[in-house]
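Report on the structure given below.
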Amino acid sequence: MARDIFVALDAEAIERATRRLAAEVIERNRGAEGLALVGVRRGGDVLVRRIAAQVEKIEGRRPEVGSVDIGLYRDDAFRGLNAPKIGPTEIRFKLDDRVVVLVDDVLYTGRTVRAAIDCLLDFGRPRRVELLVLVDRGGRELPIRADYVGATVEAGPERNIEVRWVENGAVRDEAVVRERGP
Amino acid sequence: VKHLLGIEGLSREAIVEILDLAGSLKEVLSRPIKKVPALRGKSVVTLFFEASTRTRVSFEVAAKVLSADTTSIAAQASSVTKGETLLDTVRNLEAMRPDVLVIRHSASGAPHLVARHVGCSVVNAGDGFHEHPTQALLDAFTLRERWGKLEGKTVAIVGDIQHSRVARSNLLCLRALGVRTRVCGPPTLIPRGIEQYGCAPTFSLREALEGADAAMMLRIQNERLEGPLFPGAREYARTYGLDARTVQWLPPHALVMHPGPINRGVELSPEVADGERSVILDQVENGVAVRMAVLVKLLEATQTEVPAR
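This is how it looks when you write it as structure tokens:
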């Protein structure tokens, strides 16, 4: 059985990181005009809404929010690996000439981000695509880096980082390093 | 599952999984770029021994949207006309390494026979009087999309029940999903023992339609209309056709479905086929999403891990 090893970020740390990340997005983009935040399902689902709420609090304007499911863009689909359920992609606004910030909970190999970028580009031609993650755990297998990072966590190869959210039924928000499950 | 040969044998969970996946995949069809790389490098062969436009094109579009390569073979234009047997034909096709073979055949059980002799996945796109599983799945998808949930609803299936693979697959599928079914048609075309599918048979169109949440009108084949089992086109239309008069027997919210192609003026009058209750074109659109889901599911199930690159 997989078990928790340690809590990398507790609820307070996640709250502070979220506020800072939202502020950084606004700073770099000089406001929230034309900004779109797109969560990578499903890890980025909650985080993208949190960041959007923060941006709205600071700027008084809610950015466009969407989500992409990378199930149809995986490079390991149909290789007998555990295939998560393919869910809906929802982008109900034009991407052309916008700045799009991709949002995910954990950045690891970079393969998910590659797939998410490919999916995004099928919807239009954004002016720029940026990447925001709550946790960067290193271990990249593709030349990809994040523009906004909540925290860097060393977890080691035989471990997972799981981010839990109250919106998904967790007791409290936390990012936990776990043994890789069976 | 490696093959989709019929609804028979599919669990409720397996059906719901396909419908859920189709729901996610449908979005791809509304994108500016209607293509995703999921099945890149896979090949899908459609082998049709019977005439078809909708089903064949629907499978091909589904495969292409998923980036699979498609080859379509119509038996009328193939070496089948030179006397090649079904198994020889598919064995030769298999030597060209398709991943999925979609087959329609006038003989019931033909896809099952083929599935026992080839290594690739086989999808039944209609076999004789037996099954047409993707039609039933797209019908269930269309109803679920409209209603939100299917449990406790009632669907009336009207027409030539005896010779209809669409009816059989739908009876199995709807029952698995908790939908009550009625079948209706001329006494000569309601097979004895149809109650084993959990449906209520009736010879009265009015009885079938009253209180139903949807009417599924089956296509009446022209060649059969003139045969001994039928009263003739005009009488059939009057007794079992859905038109401005008989459609009133349905509750106001009820939907009208048809698997196509329609015999206008026989089982459906034009004003009903093109009317507000009609979801016939939704059925066609949803057919692509459902077939995408079937292809993804089958290929997910068959692939084993390959060595890391």
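Protein chains in written order, with the numbering used here: chain A, 1 to 182; chain B, 1001 to 1309. Even for Gly, the Cβ is constructed at its ideal location relative to N, Cα and C.
Paired residues, beta bridge with Met1257/B - DSSP:
Met1216/B
- Item | Residue-level contact to chain B via CB, Tyr186/A, 7 angstroms cutoff | The structure shown does not extend to residue 186/A, since chain A spans only 1 to 182, so no value can be given for it.
Between the CA atoms of Val101/A and Glu158/A - distance to the nearest angstrom:
30 angstroms
Would you tell me roughly how many angstroms separate the C-alpha atoms of His1130/B and Glu162/A, rounded to the nearest one? 49 angstroms
Quiz item: Would Ala1136/B pass as a contact of Ser1169/B if the rule is Cβ separation under 7 angstroms?
Solution: yes
Review point. What does a CB cutoff of less than 8 angstroms around Glu1271/B pick up in its chain, not counting 5 residues either side in sequence?
Key: Asp1243, Ala1244
Checklist line | Counterpart residues of Ile1183/B in DSSP-defined beta bridges | finding: Rather than Ile, the amino acid found at residue 1183/B in this sequence is Val. Answer by DSSP bridge pairing, in chain order: Ile1157/B, Pro1201/B.
request  = Kindly indicate which residue of Leu1299/B, Ala1289/B, Thr1302/B, Ala1301/B has the alpha-carbon position closest to the one of Leu1021/B.
outcome  = Ala1289/B
query = Name the chain A residues whose beta carbon is nearer than 8 angstroms to that of Pro1037/B?
reply = Leu72, Tyr73, Asp118
ask   = If the cut is a Cβ gap below 7 angstroms, which residues of chain C does Thr89/A touch?
value = No chain C appears in the structure shown, which is made up of the protein chains A and B.
**Prompt:** Of all Cβ atoms in chain A, is any one closer than 7 angstroms to the Cβ of Leu1004/B?
**Reply:** Leu1004/B does not count as touching chain A.
Between the stretch 68 to 77 of chain A and the stretch 128 to 140 of chain A, can you find at least three pairs of beta-carbon atoms closer than 8 angstroms? Verdict: no, contact absent.
**Prompt:** Quick one: does Asp122/A have its CB under 7 angstroms from some CB of chain B?
**Reply:** yes
- Query: On the three-state DSSP scale, how would you describe Gly80/A?
  - Reply: Bear in mind that a pLDDT of 47 at Gly80/A, under 50, signals an unreliable position, so the number given afterwards is only what the model happens to contain. Here Gly80/A sits in coil by DSSP.
Terminal residues of the alpha helix (DSSP H) in which Glu1285/B lies
1280 to 1302
DSSP state of His1112/B mapped onto helix, strand, coil: helix
*State yes or no: is the beta carbon of Ile1033/B nearer than 7 angstroms to at least one beta carbon in chain A?*
Chain A contact via Cβ: present.
**Request:** My understanding is that Thr112/A touches Asp105/A, with C-beta atoms under 8 angstroms, so please give their C-beta distance in whole angstroms.
**Result:** 10 angstroms between Cβ atoms; not a contact.
- Residue-level contact to chain B via CB, Ile5/A, 7 angstroms cutoff: no
Quiz item: Going by other Cβ atoms of all chains shown within 10 Å of its Cβ, with 16 needed for buried, is Val1266/B buried or exposed?
Solution: buried
Worksheet item: Can the beta-carbon of Ile1157/B be found less than 7 angstroms from the beta-carbon of Val1183/B?
Response: Cβ atoms of Ile1157/B and Val1183/B: closer than 7 angstroms.
Would you identify the three-state DSSP class for Glu1235/B, choosing helix, strand or coil? helix
query = Under the rule that 16 or more other beta-carbon atoms within 10 Å means buried, what is Ala1088/B, buried or exposed?
reply = A small correction: the amino acid at residue 1088/B is Asp; Ala does not occupy that position in the sequence shown. So Asp1088/B counts as exposed.
Next on the checklist: Just checking: is the beta-carbon of Leu1021/B within a distance shorter than 7 angstroms of some beta-carbon in chain A?
Outcome noted: yes
query = Just the Cα atoms here: how many angstroms apart are Ala1140/B and Val1028/B?
reply = 20 angstroms
Applying a beta-carbon distance threshold of less than 8 angstroms, which residues of chain B neighbour Ile86/A? Leu1021, Ser1024, Leu1025, Val1296
Q: Jot down the residue ranges of each uninterrupted alpha helix (DSSP H) in the stretch 1023 to 1078 of chain B, minimum 4 residues, whole runs only, in chain order.
A: Restricted to the stretch 1023 to 1078 of chain B, the alpha helix (DSSP H) segments that are unbroken, complete and at least 4 residues in length are 1054 to 1065, listed in chain order.
Using only the alpha-carbon positions, how far apart do Leu1143/B and Leu1229/B sit? 31 angstroms
So Leu9/A packs on Ala22/A, CB below 8 angstroms; how close in whole Å? Your pair Leu9/A and Ala22/A does not check out as a contact, with CB atoms roughly 16 angstroms apart and the cut at 8 angstroms.
Validate contact between the stretch 1040 to 1059 of chain B and the stretch 1096 to 1105 of chain B using beta carbons, cut 8 angstroms, 3 pairs: Touching, yes.
Backbone CA spacing between Glu983/B and Glu1300/B [nearest angstrom]: The question about residue 983/B has no answer, for chain B in this structure spans 1001 to 1309.
Legend entry - Per-residue burial, Gln1283/B [other beta carbons within 10 Å of its own, 16 or more giving buried]: buried
Per DSSP, which one or two residues make a beta bridge with Asn1124/B? Looking at the DSSP assignment, Asn1124/B forms a beta bridge with Ile1103/B.
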